[in-house]
Structures are given as structure tokens and as C-alpha cells.
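**Q** Dumping the structure here so I can ask a few things about it.
Numbering (our numbering), first residue to last: 10 to 570.
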């Protein structure tokens, strides 16, 4: 299974001299697309890693739209499905005149102290109304408007789930291709670069961004995909050492990301780093698509683009990544686009691509792929329950050690072999599976994929089904796992309460240790709201009961949980 993409970066729309020089560069860009797409496509994604604009002005994003519209049209001549655009902002995608305005003076002053002042960082992460957060939000306002106009928010394509993060441009997306889930995490690495000073080694990416974009727990989100990409504008060297370590250890650790893609430096660069014999972290930096031909330091800034591929073999839990780097090259008086000689290219490809490089998939990739290979697509949520059960059962194999299916029911087993399940089946509400901890039984219900419109303007898409507990966590289950009951209103069948976030994370870790393979986690807000609706009448849908149930049946009181 392959995930293919076209990686562009640093277009700098609106930069001086672009009207004179871009038309020829654009012609060369589009002329080489057929050959590049034939080798590396069909492309599933266009990844744009920052500096779309030159100074964050509205008219510059209109120029970006024109480029992307033409690019999509050219690509659609070559393949049936248009690629999905995903982007992150760069340091040119902010309006520094707003960041430096008088009303942001306090925020800018605090901004300069962000790296060395942990209390200030806590305020920044925790308070949307702090002066420093407002300065950042205002500086990236035009980028944010442009980003929210894109199709991933206004009309999400099939197979894509995407959520917003903490800072402008942060997001986490899951893209399913032929049943295999791939994750793309986009983080704003430019939020500290509000002035035109030299910021090399002075920027930050916070683990708070990682978790916020992923529904509160980035580790769980990353575990739900077979392979993940991280995209930012800046490479590692531009981060302050403490935050570079946080990126490599807390975000990219545990084989969570196969590859980190970035731009910013107008040079092609590839790096694989291992520390202490541990797992590798991989970085690939693509050239600027367009910019000044010479920088103030005299270095020539050559331009280019790159195509890339992840190829996944779930049977062996290994993957291969490969890149097709291209650069603009002047021979005599003629410009051309050629394979980038700054990287060691593979003779077997005619020196068109890098050598294929293997990597180990993260632990649990087999389970992630198995869970998704059998899911019905979004359209199937309109099927009756019995048809859904049949659709699932045709793809399932018997799970060893589980009870036989109930008489009179379609033969139905869990989506993959559940070593932790005590029994399972299918009833009037659809498929279910249960586990038991110290004599206490908990049932999980199947929630199919679908879509709904919540509080936000963008429609929420749940492209993969999930198993959701049919009750809140009871005090009995909590005590069976944790050995104590912190609740004020005691009762084994009552919901557990009086908890902190850390308490819940500890509970989930212990539960997963007791039941290997369960991989329990909290649902995201979108998953929870979708589960309550289920997009149709079902075991967790209020629509099924609203004509017959009363408020007394819904609220909690003694004897009712």
C-alpha cells in the first residue's frame, strides 16, 4: 500500500520580482508534472509546508489560490482523483505589522521572553485571551482565513478526518487509502518568529500543540494510524535545543512518525538521526518553489519541489520511503527542471529518485490496519442495522477463544482477533463485544463511520468506525482496575467521578496493561458526539428514543445509572 504526495514549499506569493520571473518558472513546473507523476503518483496529497505568502496579506492568498487551482487542474489531467491539499504556515505567512502594532506591545514583549520563562509559556498554552496568544492569532489572521476556506474544512473528501489544533494552522488529519490509515500532523513552527530578527535556534514547537491537535492525546492518535507524517515549516536546527529535544523525544518518539517534511531553507536536505542506538528520526527538507535568487549572505537560492512516497507492508510491519527531488537549473541561458544532484540518487531509478529506505512500523500497526480494512465506507451508514452487520461479517474471520455466535444471528466476529474479549455478538442494536475485569463485564458497541454538523461551521467526518463503551465508566470497573474508588457518591453501578485528567490516563494505561491489545482511550469530542448520534437510529442514538423516553429516564438518580 502506497501513500503518494507532491511536496511544495515557500512560494512567497507577492514577493517583489515574482510577476517578472514566475511565469517561466510556472511553465517549467507544469511541464515536468506528467513525468514526475508517472514515476511517483498518483498523488494522494499536496503538502504545502509554509511561506505560501510573502507577508501575510489577503491579496497574496488570492495568488496562492490561483496557483493551486491551476496546479489541481494540471494534476487532474494526469489522474482520476484530485489530491487533497494540506498546509502549515511559515514565517512569511504572518503580518508583522500587526504583530508589532502598539496594542500588541505587551504581547510582543512577552513573546521575546517565551523561551526562557516557563511561567509565561504556561500562560501562553493555557489562555487563549493572553496578550501573547492574541498577538500570534492576529499576526496569522489572514492565513487562518485562507486555511479555513480550503476543501478539507468546507467539503472534506471521503476517507479524510481532520481536527483543528491550538495555534493557527495546527491540525491532525487521518487519511484512509484502501483500508490503511495514514496520519498527517501539521504544526505551526513559526509562531515565535514575529519580527525580522535571526531566529535560528530560537524557535519552539510544544508538545501541547501535538496533543491539542489530536483531541487531547497525541500518543493515542498516532497509534491509530499505520504510519504518520509530520509537516512543519522549519527544520530541527531552527528550534531552541530544549524544544528540539521535546520534538524528537515527546512528539516523534516511539516510531510515531515515519518522516518529518519541512521547507524554509531553500535547499534540499535529507537526514536520519539515531541517538544511543534508538529508533531513527527522519527529516526531509524541500527547496523553495519560488523566492529570491540570492540571499543577503550571497548564497544562491535555487528552487524546486519534490514528490514522495510511503510504501507499507503490514504483513512484515515494515515500510519504505522514497523521494523524487527536483530543482530548477540554469544551463547556459536556459532554465530546466532536473533531478536534484544535492542528494544521492538511485542508479536503479535512472538517478531520478532517492534510494528506497526502509523503516520499521510502530508497534500496533498491524492492529491499526486490521481495524480499518473491514470498515464500511461513509455511505454505508445509511444501511439498516442488519445490512451493516452482514457487510461487516463478510469480511471477518473467526477470533480464537471467543464464544460462538448466538443462535439465529448472522455469523459475526469482532473486527480483528480480540484476545481480551470474554464474549461478543450482534443484537437489535448491532455488533457488540465485551471484556471482563475481576468479574465486572463491560460492553463495547460498534459505531459506524459517518458525518454530522456540530457547533463549528465545518462538518465533522468520522471515516472509520469505532468501538465505544455502552456506558460511562462505572465505579465498579474503576475500582477493579485501580483498587480504589475516589467517587463522592458511592455505588458500584454509578459513574465514577471526582477525577483528574491524569487519573484517567493512569486508569487507561492500567486497563490496557491488564488486557493486552485493547488499546483503550478516550474518544475525541467528534467521536463522542458522533457516537451519541450515530448518524442514524441505533444503540447510542437519542433519535431512537426521543419519542418515547422521558427526562427522568435520562438523568442520573439513585437506582438509575
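Built from N, CA and C at the ideal position, the CB exists for glycine as well.
It should be emphasised that the depicted structure is a prediction, and the values quoted were computed from it without experimental measurement.
Can you tell me the Cα-Cα spacing of residue 134 and residue 496, whole angstroms?
**A** Cα to Cα, residue 134 sits roughly 30 Å from residue 496.
**Q** Have a look at residue 370 and residue 535 and give me their C-alpha separation to the nearest angstrom.
**A** About 27 Å.
**Q** On the criterion of 16 or more Cβ atoms from any shown chain inside 10 Å, does residue 52 qualify as buried, or is it exposed?
**A** buried
**Q** Is it the case that the Cβ atoms of residue 273 and residue 104 are separated by a distance below 9 Å?
**A** Result no, Cβ atoms of residue 273 and residue 104 do not sit closer than 9 Å.
**Q** Shortest alpha-carbon distance to residue 222 belongs to which of 72, 160 and 260?
**A** 260
**Q** Give me, in chain order, the residues of the same chain whose beta-carbon lies closer than 6 Å to that of residue 450; leave out the 5 immediate sequence neighbours on both sides.
**A** Excluding residues within five positions, the ones whose Cβ falls inside 6 Å are 443.
**Q** Once you ignore the five residues that flank residue 136 on each side, which residues in its own chain have a CB closer than 7 Å to its CB?
**A** 142
**Q** Between the C-alpha atoms of residue 479 and residue 189, what's the straight-line distance to the nearest angstrom?
**A** Those two C-alpha atoms are separated by around 27 Å.
**Q** Could you tell me if residue 295 is buried or exposed, where buried requires 16 or more neighbouring beta carbons within 10 angstroms of its beta carbon?
**A** By the neighbour-count rule (16 or more Cβ atoms within 10 Å), residue 295 is buried.
**Q** Assuming residue 236 contacts residue 328 (C-beta within less than 8 Å), just tell me the rounded distance between them.
**A** 6 Å
**Q** Can the beta-carbon of residue 526 be found closer than 9 Å to that of residue 365?
**A** no
**Q** By Cβ distance, which residues of its chain are closer than 6 Å to residue 96, with the 5 residues on each side in sequence left out?
**A** 57
**Q** At what residue ranges does the stretch 311-361 contain a whole run of the beta strand (DSSP E), taking only runs of 3 or more?
**A** Entirely contained in the stretch 311-361, the beta strand (DSSP E) runs reaching 3 residues are, in chain order, 313-322, 327-340 and 343-348.
**Q** In the DSSP assignment, find the beta strand (DSSP E) that holds residue 440 and state where it starts and stops.
**A** 439-446
**Q** Are the stretch 66-73 and the stretch 143-157 in contact at 8 Å, needing three or more beta carbon pairs?
**A** yes
**Q** Does the beta-carbon of residue 191 have 16 or more other beta-carbons within 10 angstroms, so that it is buried, or is it exposed?
**A** buried
**Q** Would a check of beta-carbon distances place residue 518 closer than 9 Å to chain D?
**A** No chain D is part of this structure, which consists of one protein chain only.
**Q** Between the beta-carbon of residue 178 and the beta-carbon of residue 102, is there less than 9 Å?
**A** yes
**Q** What does the alpha-carbon distance come out to for the pair residue 219 and residue 509?
**A** Looking at the two C-alpha atoms, the distance is approximately 20 Å.
**Q** Are residue 80 and residue 54 touching if we call contact CB-CB under 9 Å?
**A** In this structure, residue 54 does not lie closer than 9 Å to residue 80 by Cβ.
**Q** Per DSSP, what kind of secondary structure is residue 432 in: helix, strand or coil?
**A** Three-state result, residue 432: strand.
**Q** With a Cβ-Cβ cutoff of 9 Å, do residue 350 and residue 336 count as a contact?
**A** yes
**Q** Report the three-state DSSP secondary structure of residue 456 (helix, strand or coil).
**A** strand
**Q** For residue 70, report the span of its beta strand (DSSP E) as first-last.
**A** Per DSSP, residue 70 belongs to no beta strand (DSSP E); it is in the alpha helix (DSSP H), 67-85.
**Q** In its own chain, which residues sit with a C-beta less than 8 Å from the C-beta of residue 201, not counting the 5 before and 5 after it?
**A** Hits under 8 Å: 120, 123, 124, 208, 211, 212 and 213.
**Q** Taking the alpha carbon of residue 532 as the reference point, which residue from 475, 38 and 62 has its own alpha carbon closest?
**A** 475
**Q** Let me know if residue 482 comes out buried or exposed under the rule of 16 or more other beta-carbons within 10 Å of its beta-carbon.
**A** buried
**Q** Please state whether DSSP places residue 491 in a helix, a strand or coil.
**A** Secondary structure of residue 491 (DSSP, three-state): helix.
**Q** Using DSSP bridges, identify the partner residues of residue 181.
**A** Answer by DSSP bridge pairing, in chain order: 172 and 194.
**Q** Pull the bridge partners of residue 132 from the DSSP assignment, please.
**A** Looking at the DSSP assignment, residue 132 forms no beta bridge with any residue, so it has no partner.
**Q** DSSP on residue 505, reduced to helix/strand/coil?
**A** coil
**Q** Going by the beta-carbon positions, is the gap between residue 203 and residue 144 smaller than 9 Å?
**A** yes
**Q** For residue 24, collect the residues of the same chain with a Cβ closer than 8 Å to its Cβ; drop the 5 residues on either side in sequence, then sort them by chain order.
**A** 63, 299, 300 and 301
**Q** Who are residue 280's beta bridge partners in DSSP?
**A** 292
**Q** Rounded to whole angstroms, how far is the Cβ of residue 199 from the Cβ of residue 99, which I believe are closer than 8 Å?
**A** 5 Å
**Q** Assign residue 367 to one of three DSSP states: helix, strand, or coil.
**A** strand
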